[in-house]
Structures are given as C-alpha cells and as structure tokens.
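Asker:
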Amino acid sequence: MKATITNLYYKLLGKKQRYCCKDCVKNLYQVLDGEATKDQEDYFRSHINECSPCFNRYEIDKSVKEVIKLKVEHKEVPENLISSIKNKLNQNS
Ligand SMILES: [Zn+2]
C-alpha cells in the first residue's frame, strides 16, 4: 500500500516532481536546522522511511548543508562529499 501511495504521487505530479509532500519539506528544514520539536522530528523520520522522494531530498539537502557550512568556515570541502551529492542528484533524475 505504501508503494502504491508513492506511485500515485508520481502519477499526479510527474516523475520530475520529487517534493511529494509540502509539509515534510517544511519539516525537513526544521529538522536540518535543529529547530524541529521532538514530535516533528519523529514524524519526519518515520515519514522518510516510507517516502523515498523525501528521503532522497533529505539526504541531498543534508549534504548540501554540510558543504555550505564548510564553505562558510573557509574549510576544504571534501571531494567525496561533492561527488556523493552529484550521485544522488543523478540517481533522482
Ligand atoms: Zn514525503
């Protein structure tokens, strides 16, 4: 059933649309920023177990956030971090 719901999202939104759920994109940023409440975080984590578009999105945004943080701190960005983001983006397209 879970897979069917995901398929339905794809059908409705098209394969290119990866942000299936508006609410979890909002939650995603709060979780990434450490501003989510425990309930929000629990909800989000159980959601990404079932929702691969959101999981991918979370993985990518987490990596991008890491790159931004390193850049802000004027630290070297590891090559493998960049290539892992590229890989994830390619997997999704
Ligand atoms: Zn989702």
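The working numbering puts the sequence shown at residues 118 to 210.
Built from N, CA and C at the ideal position, the CB exists for glycine as well.
The structure displayed is predicted, hence computed values, not measured ones.
Quick check: does the Cβ of P195 come within less than 7 Å of any heavy atom belonging to ligand 1?
Answerer: no
Asker: Can you give me the Cβ contacts of D178 inside the same chain, cut-off strictly under 7 Å, excluding the 5 residues immediately before and after it?
Answerer: L145, L149
Asker: According to DSSP, is H191 helix, strand or coil?
Answerer: coil
Asker: Mind checking whether the beta-carbon of H191 lies closer than 7 Å to any heavy atom of ligand 1?
Answerer: no
Asker: Quick check: I202 and V189, are their CB atoms within less than 8 Å of each other?
Answerer: no
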